[in-house]
Amino acid sequence: MTRRLLPAVALAVCTAAGSAAQSVPAPLFRISTDNVWLNLHHYLYVLGRAEAKMPDATRRAVADAPANQAKGLESLTPAERETWAEAVRAYAAGPSRQDPVFDDALIEMGNALARAGGRASLEEVTLDPAIRATLARVAPIYRKAWWSAHRASNDRWRAALDPMLEEHAPALVAYVTRAYGLTWPPEGYPVQVVAFSNWAGAFSTSGPLLLIASCDSGNTGLSALETVIHESMHQWDDPAWALLLKEAKAQGRYISRELTHAMIFFTAGEAVRSRVADHVPYAVANGMWERRMGRFKPALDAAWLPWLRGEGSRDAAIAALVKQVPEAR
1 MTRRLLPAVA LAVCTAAGSA AQSVPAPLFR ISTDNVWLNL HHYLYVLGRA EAKMPDATRR
61 AVADAPANQA KGLESLTPAE RETWAEAVRA YAAGPSRQDP VFDDALIEMG NALARAGGRA
121 SLEEVTLDPA IRATLARVAP IYRKAWWSAH RASNDRWRAA LDPMLEEHAP ALVAYVTRAY
181 GLTWPPEGYP VQVVAFSNWA GAFSTSGPLL LIASCDSGNT GLSALETVIH ESMHQWDDPA
241 WALLLKEAKA QGRYISRELT HAMIFFTAGE AVRSRVADHV PYAVANGMWE RRMGRFKPAL
301 DAAWLPWLRG EGSRDAAIAA LVKQVPEAR
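Heads up: the sequence shown begins at 1 in my numbering, then just goes up one per residue.
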């Protein structure tokens with residue numbers, strides 16, 4: 001009798017599990033820590049900039065990359081070291097001289113590698129043939145010398161972030177979507193965790209592609225949470241600029257597109273502060289308002305902050321913001 005009941009019980013369990021699965025909402029963020037190709041590409045990118053002595057190679061998020069490389073080189077044979085050095089030199093002369101945020105070729109490369117995910121090879125991935133060959137040639141070396149430690153760093157970073165996302169992400173996403181009057185992707189926003197990304201420690205591009213560096217000491221605690229919110233808000237760069245530009249034309253004013261980035265810094269920081277009152281926003285902690293971005297701060301305080309705190313309407317806040325920001329030179 002028991003055997004006859006098993007199929008029915010199994011069906012009931014599967015049906016219940018299926019119903020539960022259907023009722024669980026998609027996560028607000030889809031986080032990946034195990035894309036070896038993207039980790040390898042950005043590691044070579046950062047090392048290539050150090051090899052080429054680019055000015056940003058000493059910034060906090062990337063300064064430790066050469067020492068990290070040196071530690072891994074100890075486990076390699078002389079032939080493997082030379083093969084790896086050739087790859088770093090190839091990047092130093094090519095991709096590392098581009099910007100992964102603004103150069104289309106590097107953006108496309110990053111998106112292609114993000115889509116490659118756990119593929120064993122890059123044979124069917126659309127890439128520059130020379131870059132594909134370089135990555136394929138050194139992938140076994142990377143796996144041998146660095147990947148285990150890099151993936152462990154990525155996993156630790158995610159383990160630290162996950163409880164904060166569970167506690168704060170729904171409220172933070174509600175905060176920024178209300179502020180902008182725009183929608184969040186129903187499937188969740190993708191986040192790729194890599195050991196090293198670029199000088200900033202995190203960036204986002206079209207695709208969408210959001211990369212954040214687990215080895216950057218600045219990407220910890222609430223700063224990591226704010227950075228994930230900040231970078232994901234770049235998905236709205238174009239519609240936010242369209243709103244600002246429409247209002248600027250109506251007022252006959254000429255404004256800078258940098259205002260959209262200042263709004264993200266301001267809004268993401270205030271969003272986290274709405275959850276943790278003593279949080280120091282990234283822009284404050286890193287002196288952003290003391291530099292070029294600071295020219296927008298008085299208008300953001302006067303026109304945008306009241307809206308973030310629930311006063312008035314978004315359109316009225318945008319109109320006031322456009323009226324008060326300095327015109328572009």
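For each residue, glycine too, the CB sits at the ideal point set by N, CA and C.
Return the chain-ordered list of same chain residues with a C-beta closer than 7 Å to the C-beta of residue 319, the five sequence neighbours on each side being excluded.
247
Under the three-state DSSP convention, the category residue 32 falls into:
strand
Give, in chain order, every unbroken run of the beta strand (DSSP E) that is at least 3 residues long and sits entirely within the segment 189-232.
189-194, 202-205 and 209-213
Who are the Cβ neighbours of residue 164 in its own chain at under 6 Å, not counting the five residues just before and after it?
225
Indicate whether the contact test is met: 3 or more Cβ pairs, each with one atom in the segment 179-196 and one in the segment 149-164, closer than 8 Å.
yes
Quick one: any contact between the segment 103-115 and the segment 200-208, if contact means 3 or more CB pairs under 8 Å?
yes
What residue ranges within the segment 66-137 form continuous alpha helix (DSSP H) runs of no fewer than 4 residues, ordered along the chain?
78-93 and 104-116
Of the listed residues 184, 307 and 244, nearest to residue 26 (C-alpha basis)
184
Here's a check: name, in chain order, each residue in its chain whose Cβ is nearer than 7 Å to the Cβ of residue 271, leaving out the five neighbours to either side.
172, 175, 176 and 229
Am I right that residue 76 and residue 141 are in contact with their C-beta atoms under 8 Å? What's the rounded C-beta distance?
6 Å
Rounded to the nearest angstrom, what separates residue 170 and residue 28 at their Cα positions?
8 Å
Is the distance from the Cβ of residue 139 to the Cβ of residue 47 below 8 Å?
no
In whole angstroms, what is the alpha-carbon distance linking residue 103 and residue 143?
28 Å
Would you kindly report the start and end of the unbroken alpha helix (DSSP H) that includes residue 177?
148-180
First and last residue of the alpha helix (DSSP H) that includes residue 285?
282-285
Close Cβ partners of residue 260 (< 6 Å) along its chain, the five nearest in sequence each way excluded:
237, 240 and 241
If you run the structure through DSSP and keep just helix, strand and coil, what is residue 311?
coil
Report yes if the C-beta distance between residue 87 and residue 127 is below 8 Å; otherwise report no.
no
If I measure Cβ to Cβ from residue 101 and keep anything under 7 Å in the same chain, skipping five residues before and after, which residues do I get?
203 and 205
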